[in-house]
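Take the sequence shown: its letters are residues 213 to 696, numbered as in the working numbering. Each residue gets a CB set at the ideal place from its N, CA and C atoms; glycine is no exception.
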Amino acid sequence: MEEKRISSVLKYLAAFLLPTIFTLMFVGTLDNDTWFVLAEGRYIAENGVFYTDVLSMHQGLDLTVQQYGFAVIFWWVYSALGPVGLYLMMLGLNILIMFLIYKICMLLSNKNVNLSLLVMIVVDLLLIPGFVTTRAQMVSYTVFLAVIYVMELYIKTNKMKYLWWIPVLSFIQINMHGSLWWMIFLVMGAYFVDGIKKPKLHLQGYRKKPIVIVGLIAFLVGFLNPYGYKMVTFIFTSYGATEIVNMVDEMRPFNLRSAYNIILFLAIASSMVLYLFGNKKQIRVRYILLYLGFLALGLNTVKGLSQFILVMLLPMALMYKNVRVEKVIEDAKARRAMMTWCGITATCVAMVLLLTIPSSVENHPRMALVEAIDVLDASVEQNGEDKDTLKIYTGYNWGGYAEYRGYKPFLDPRAEVFLKDDILKEWNNFILGRMELEEFLNKYDFDYLLADAHDAGMYKMRSEDYEVLYSNEDEGFKLLRRLK
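The structure is reproduced here in structure tokens:
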């Protein structure tokens, strides 16, 4: 009995540590958005929530900090533990995501442990390369899965008490990552439709009134945030602009131009085959709606694929619940030996990787950018300049780090903020050569220019009005200072 218990513990360790090891191996740096989120969190922790932009050089830009709650927690973790703390926070949230996938599958499969663990591993391995990162979306994935788990518990037990978690989840979501708040209601909508009782159409039928009541309360709870209705409507006013789609890869439609997308395409095709050969009597309309709905969203914008990955294989736990994965190896001793070996190996590898978390976590973003800002600091100090009044040119990708270092740049990755006053459109025109360099410089009167090779006009410029303070040709970075 003791041997069996140890084998079971090692099996769980192996199942949860395998994706964690994969994350440690392939996700080695902080996401680029980390830096402006830290700048937001630092400002809010010290001064309170802000309603006009305080991070960039522009004046009077109204904004909604749609991840203000996450930003503050992010800053507190960073203040206490540094970059490694943010990385560990990401790993912890991913383990919670895995746990919720496992719990949902256990519920659907009538406690088929091995099948549930297998689905959990596959889903997370598909999610990791493109979506497991140091961003607020990790909280959203957790809430997303928690809503599904709560709904399944309600259907399984017919007890309304589980549904009362949904207003709580709504409050967490709107205050941690408001842009994805509506996902809660997309999920609830699928469950509401399946509440209609029509067995011939695979509509399961269960009490819909509690879902409606709790859904309305969860909707009203969404307004309990510092920005009110602006947070609720954020997603409708901040996405879809041509300038954002042109610049942000994750906002573009799905294509097969990357190895990761090809893997996802194969996974989608495989899931469809599994649906065809599974026990169709077990399928439910809610799963079809979630599958097709989030697939359509993911094909329209790569960012939406994350939710699809999370729901793609969950119904397999129901359709294949009578399949015993352990029968692949008939001999009980061989199974225990394999689980023991996998558990010990995974534990040892994970411990080694955790103790040597990639040093690049400390060094991100690109070292040339860090060095350029160091030179900028020295120049500002030498010339007795005020960080708050300086006008710093940065492109879209690097402004967040400048903000983290205390400067107010021209642009940063918060694309939706710069849709106002056509700032983003104007920069886009400049990058594409539709606006002359001299006209751009004269309009904004920059004190410093932080240019990379993507800003070809800025990077290659020759002007008697600016001196080069820093240049790294290998990484394509330059820092220039305007001569007074």
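Worksheet item: Candidates L319, Y299 and V221: which alpha carbon is nearest Y532's?
Response: L319
Worksheet item: Given that a residue counts as buried once 16 or more other Cβ atoms are within 10 Å of its Cβ, and exposed if not, what is P621?
Response: With 16 or more Cβ atoms within 10 Å of its Cβ, P621 is classed as buried.
Discussion item. For the beta strand (DSSP E) containing Y361, name the first residue and the last one.
Written reply: Careful: Y361 lies outside any beta strand (DSSP E), inside the alpha helix (DSSP H) at Q349 to T369.
Worksheet item: From I425 to G407, what does the alpha carbon distance come to, in whole angstroms?
Response: About 14 Å.
Practice prompt. Tell me whether D589 sits in a helix, a strand or coil according to DSSP, three-state version.
Written response: In the structure shown, D589 sits in a helix (DSSP, three-state: H, G or I).
Worksheet entry | Straight-line Cα distance separating E252 from A590 | 24 Å
Discussion item. Do V444 and W377 have their beta-carbon atoms positioned less than 8 Å apart in this structure?
Written reply: no
Worksheet item: Between T264 and L250, which are expected to be in contact by the criterion C-beta below 8 Å, what is the C-beta distance as a whole number of angstroms?
Response: Between L250 and T264 the Cβ distance is about 20 Å, and since that is not below 8 Å, they are no contact.
Worksheet entry | One or two residues paired with E679 in a DSSP bridge | R693
Worksheet entry | I333 beta carbon less than 8 Å from that of L375 | no
Fill in: Presumed contact (8 Å Cβ cut-off) between I604 and L509, rounded CB distance
Their Cβ separation, rounded to whole angstroms, is 37 Å, which puts I604 and L509 out of contact at 8 Å.
Worksheet item: Is it the case that the Cβ atoms of L381 and I396 are separated by a distance below 8 Å?
Response: yes
Discussion item. Which residues does DSSP list as the beta-bridge partners of P621?
Written reply: I604
Discussion item. Among G260, Y619 and Q594, whose alpha-carbon lies nearest the alpha-carbon of T601?
Written reply: Y619
Worksheet item: Is it a yes or a no for the segment 581-597 touching the segment 670-690, going by three-plus beta-carbon pairs under 8 Å?
Response: yes
Item to complete: On a CA-only basis, which of Y503, S391 and N306 is nearest F448? Give me that one, please.
Response: S391
Worksheet item: In terms of alpha-carbon separation, which member of F262, G281, Q349 and M302 lies closest to I569?
Response: Ranking F262, G281, Q349 and M302 by CA distance to the CA of I569 puts M302 first.
Worksheet item: Counting pairs of beta carbons, one from the segment 219-226 and one from the segment 276-285, are three or more of them closer than 8 Å?
Response: no
Fill in: Neighbourhood of L501 by C-beta, 7 Å cutoff - its chain only, sequence neighbours within 5 removed
A402 and V405
Worksheet entry | CA nearest to the CA of F343, picked from K515, S675, D634 and R578 | K515
Discussion item. Bridge partners for Y660 per DSSP, in chain order?
Written reply: I604 and R693
Practice prompt. Measure the CB-CB distance between M528 and L478 and report whether it falls below 8 Å.
Written response: In this structure, M528 sits away from L478, with a CB-CB distance that is not shorter than 8 Å.
Discussion item. Whether or not the segment 353-365 and the segment 314-330 are in contact is what I'm after, with contact meaning three or more pairs of Cβ atoms, one per stretch, closer than 8 Å; do they touch?
Written reply: yes
Worksheet item: Does DSSP put N595 in a helix, a strand or coil?
Response: Residue state, collapsed to three classes: coil.
Practice prompt. Can you have a look at A292 and say buried or exposed, based on whether 16 or more other CB atoms are within 10 angstroms of its CB?
Written response: exposed
Worksheet item: Near E676, which residues of its chain fall below 8 Å by C-beta distance, leaving aside the five closest residues on each side in sequence?
Response: L695
Item to complete: Return the CA-CA distance between Q271 and R626, expressed in angstroms with no decimal places.
Response: 15 Å
Fill in: Simplified DSSP state of K373, which is helix, strand or coil
In this structure, K373 counts as helix in the three-state DSSP scheme.
Worksheet item: Just reading off the alpha helix (DSSP H) that S328 is part of, what are its end residues?
Response: V325 to F343
Worksheet item: When we look at the beta-carbon of R496 and count the other beta-carbons within 10 Å, is it buried (16 or more) or exposed?
Response: buried
Worksheet entry | First through last residue of the alpha helix (DSSP H) which encompasses D406 | M395 to D406
Item to complete: Round the Cβ separation of L530 and F520 to the nearest angstrom and send it over; I've been treating them as touching at under 8 Å.
Response: About 18 Å; that fails the 8 Å criterion.
Discussion item. Determine whether the beta carbon atoms of I635 and D667 lie at a separation below 8 Å.
Written reply: For I635 and D667, no; Cβs fall outside 8 Å.
Discussion item. For P465, report the span of its alpha helix (DSSP H) as first-last.
Written reply: That residue, P465, is in no alpha helix (DSSP H); it is neither H nor E in DSSP.
Worksheet item: With C-beta atoms as the reference, is L267 less than 8 Å away from F248?
Response: yes
Worksheet item: Just reading off the alpha helix (DSSP H) that T449 is part of, what are its end residues?
Response: First-last of the alpha helix (DSSP H) with T449: F446 to S450.
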